[in-house]
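Count along the sequence shown starting at 1, add 205, and that's the number in the numbering used here. In what follows, a single structure is set out as structure tokens and then discussed.
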Amino acid sequence: MLRRTIPRSFTSWDNTKAHKNELHDKIRKQLRDVQLPPSSYDTAWVAMVPVQGSHQTPRFPQSIEWILQNQYDDGSWGTNLPGLVVNKDILLCTLACVVALKRWNTGRHHISRGLNFIGRNFSVAMDEQIVAPVGFNITFSGLLSLATGMGLELPVMQTDIDGIIHFRKIELERHCILLFLRLSGGKKHPIGHYIRRCRPILQRRRLVPHPLLQRLPLQAGPSRCHHPWLGFWRGNEIAGVKCPSPAYSAPPRPRVLPPPSPLTLPRAATGLGRGLGNLQDWNQVMAYQRKNGSIFNSPSATAATIIHGHNYSGLAYLDFVTSKFGGPVPVMYPQNAYSQLCMVDTLERMGISKSFACEISDILDMTYRLWMHNEEELMLDMRTCAMAFRLLRMHGYDITSDGMAQFVEQSSFDDSIHGYLNDTKALLELYKSSQLRCLEDDLILEEIGSWSARVEYALKCPVYAILERLEQKRNIEQFKTKEQLKIEGFKLLKSGYRGVIPNDEILALAVDEFHSSQSVYQQELQDLNSWVAQTRLDELKFARLMPSITYFSAAAILLPSESARIAWTQNCILTTTVDDFFDGEGSKEEMENLVKLIEKWDGHGEIGFSSECVEILFYAVYNTSKQIAEKAVPLQKRNVVDHIAESWWFTVRGMLTEAEWRMDKYVPTTVEEYMLAAVDSFAVGPIITSAALFVGPELSEEVFRSEEYIHLMNLANTIGRLLNDMQTYEKEIKMGKVNSVMLHALSHSGGGGRGSPEASMEEAKREMRRILQGCRFELLRLVTRDAGVVPPPCRKLFWLMSKVLHFVYMEKDRYFTAEGMMASANAVILDPLQVTLPPSDSGTL
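Put into structure tokens, the structure is as follows:
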């Protein structure tokens, strides 16, 4: 049986049309109007801002009132949802609100309850195993110092407070050393040498407060390093330098990642400001002031600079934000671009973006305008900029990578206070964007890719080898509901930052859409099995008939219609079977007979069949092609079977040439001679030509005859041929078949065995990978550009084919190891989702 039952947990979900419409409406509303939740932490900082010229009067009393009205029963502030365990973010928000109230001597009862909450849960702050917002030790300790300086008596032992202060010292010192190492250039010298050489650089760039630099005790020596800050690198080699193992135990070595998005900077600015006091160089912070007067669009960072008397121009920004939100403020404002792009990305990753095509188009149009005008909201945040670039490029907007130039040099991040933070998500966005190169000389994306590749371990496979439906299933199963977030706790970059994505509604729609599509896939697969029997292909014992696997390639790339998926799959099965026939199952007479039959096409009766095998193959190709062409007549306004037949003739002609080489033991003299036949024989032509008839607008004769269409076809065939050759050359050499890797190795060894055969093969594979990369760049450039004779939906087919080919041949020829491919096929077509939906409550999840 193909069909499998949906888990019981799904049957209770209210999937009526009315409920689904309600879910759609909620998501559309969120796409149009981003709702930013209030941040207790940021509101507390804004509440501490005094009236200009009067330090005894608050400028934003409405923010103080909001703090008074929004304390939880347990005395806390922050995102203290029912069932959510106390975390460091809640402690930080609570302490900030207590300090804000004490600043104006109001809310005595609220202060008392807040202090008691902190006292009861202070162990959370001391627990290094609990996830914390970035810079927590610096910020929390700074607020503790401020609170005690105000006369607040925390119900906490002094030893615990000293412990927090110690954590702050360790964190600051550790980040100083990370900066030293980043500025060292990777030269192999003792650590002390780095510090002495980097001290003037750090002072000049103001990366570390000057007084802190002067407290760097160094002991010079050729290979000695006695500074206690380096203890956590015990027994490890950093930047080529061997550090001695100290006699004491130390924390494990931290992961050194490139610096993050400015999303994390407000915490750094306010935390360092309060945590370091006069050690902070506020001029360095002010270098990041936006045109609207804010620091990184962050109310808390902006308030901190105003409180320290360095940013009175930011008052207008805070006036506007508090007026807009009525007292409380969000973590960041504005962040419409970031939030909306996150929504678009999430909807696409979950497989439900088609339902919101109009809204997504509007958002991307707006993003394109921001990109073209170099707007700060988009361009100054690394993650937002990278995500915008990726989405715009893949949706066909004509943009260059110039906007990413600011992120080329990793060292550019080290020139700021946020060089010590770790934002892996931002790096992930940069890394994915770097894989969308259209030009070989796009040095911007090349450089970004070279250093952001540190997060490559987190990627299962590159963007150009991901099959959307398979990835969407994984995303759905890993998607976090609100309840799961409560149980697991929030992982934060900045206090109060929760994002604005309606998780439960998106998950419900994604699950429903995925299971609905599986029902369609299963029915179409049954029809394909019937077609295999009707064409008698199952009578050919040599044929690798794998309808599930071949259909999976059509379903996994989300071909838009049943006709496109069926045509794609039928021709995949046919080309694979014909390829097996030419690989040795047919005699030379039979091969030549089949080529002549396809060349004559409608006149095949004049030729006759040399065997039953040839008859089965020809009629399978002939009748299927005619059926596809007839089905496409309403869309194409004409019968285009000639184009399908022509693509088949090019394919079998190339296959016959390769077969003759094998039988005659002929080796082409050059790779170019080999590729003339091998490109067409890879057989992408019939697959794409047939599917293209059902994916978009009418395809005129001009389109099929255009240089662009021919070039796209050659690129797709070349990509497939090179991928196949690199993975199967060892097996094909044993079979006596010619292969581009072997030919390149022979040409570079002069045929006389210069160097070892293994070295020649490795060099050949490197060269093939370089050519492959160039073809992929050129293909993506053609697919994503604005102009062109070939309509965009048709162009996209060539890119989707490239993704399938990279997926199949990324590690090995999966057609010869069908077990892995079958598992992937079942995941998309048969296997139900492993996910439990939240309960529906009167239509609201």
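Just so you know, even glycine gets a beta-carbon here, dropped at the ideal spot from N, CA and C.
The criterion of a C-beta distance shorter than 8 Å is satisfied by phenylalanine 561 and leucine 236. Per the C-alpha coordinates, the member of Phe823, Cys818, Thr782, Gly791 positioned closest to lysine 801 is Phe823. Straight-line measurement puts the Cα of asparagine 798 at about 54 Å from the Cα of leucine 635. Put simply, the backbone Cα of glutamine 494 is about 20 Å away from that of methionine 609. Under the three-state reduction of DSSP output, histidine 260 falls in the strand class.
One alpha carbon belongs to aspartate 647, the other to proline 997, and they sit about 23 Å apart. Looking at Glu790, Trp806, Arg858, Leu546, the one whose alpha-carbon comes closest to that of serine 886 is Arg858.
Here DSSP, grouped into helix, strand and coil, assigns glutamine 1039 to coil. Between tryptophan 271 and proline 539, the gap from beta carbon to beta carbon reaches 8 Å or more. Judged by beta-carbon spacing, alanine 330 lies beyond the 8 Å limit of tyrosine 246, meaning their Cβ atoms are not closer than that value. For serine 505, the closest alpha carbon among the candidates Ala252, Leu1038, Ser317, Thr284 is that of Ala252. Assigned with DSSP and collapsed to three states, serine 268 falls in helix. Between the stretch 1023–1032 and the stretch 706–715, the count of C-beta pairs closer than 8 Å stays below three; the two stretches do not touch. Across the set Val783, Ile754, Asp785, the C-alpha of Ile754 shows the shortest separation from the C-alpha of isoleucine 771.
The stretch 292–301 makes contact with the stretch 322–340: 3 or more CB pairs, one atom from each, lie closer than 8 Å. A contact between stretches requires three or more CB pairs, one per stretch, nearer than 8 Å, and the stretch 517–537 fails this requirement with the stretch 221–236.
The beta carbon of asparagine 497 sits closer than 6 Å to the beta carbons of Tyr522 from its chain, once the five residues preceding and following it are set aside; these are given in chain order. Put simply, the backbone Cα of isoleucine 762 is about 17 Å away from that of leucine 596.
Within the stretch 529–589, the runs of alpha helix (DSSP H) that reach at least 4 residues and sit entirely inside it are, in chain order, 541–554, 562–577, 581–584. Separation of the CB atoms of threonine 299 and isoleucine 323 is rounded to 6 Å, and the pair is thereby assigned contact status at 8 Å.
With 16 or more other Cβ atoms inside 10 Å of its own Cβ, tyrosine 1014 counts as buried.
Annotation for phenylalanine 612: no alpha helix (DSSP H) segment contains it, and DSSP assigns it neither H nor E. Secondary structure at proline 255: strand, using DSSP grouped into helix, strand and coil. By the Cβ criterion, the stretch 305–324 is in contact with the stretch 352–370, since at least three pairs of Cβ atoms, one from each stretch, lie closer than 8 Å. Counted as a single uninterrupted DSSP element, the alpha helix (DSSP H) harbouring threonine 862 occupies residues 846–869.
Going by DSSP, glycine 347 is part of the alpha helix (DSSP H) stretching over 341–354.
In this structure, arginine 986 lies away from cysteine 563, with their beta-carbon atoms at least 8 Å apart. Counting every other CB atom within 10 Å of its CB across the protein chains shown gives arginine 926 a total of 16 or more, marking it as buried.
Annotation note: the stretch 730–803 contains the following uninterrupted alpha helix (DSSP H) runs of length 4 or greater, listed N- to C-terminal: 752–761, 767–785. Of the candidates His848, Ala837, Glu835, Glu865, Glu865 places its Cα closest to the Cα of methionine 796. When DSSP states are grouped into helix, strand and coil, serine 281 belongs to the coil group.
Contact between leucine 764 and isoleucine 893 is absent: CB atoms are separated by about 11 Å, not below the 8 Å threshold.
The three-state secondary structure of isoleucine 370, taken from DSSP, is helix.
Runs of alpha helix (DSSP H) with 4 or more residues, each lying fully within the stretch 913–998, are found at 945–953, 962–989, listed in chain order. In terms of Cβ geometry, alanine 670 and histidine 1011 form a close pair [threshold 8 Å]. Secondary structure at glutamine 640: coil, using DSSP grouped into helix, strand and coil.
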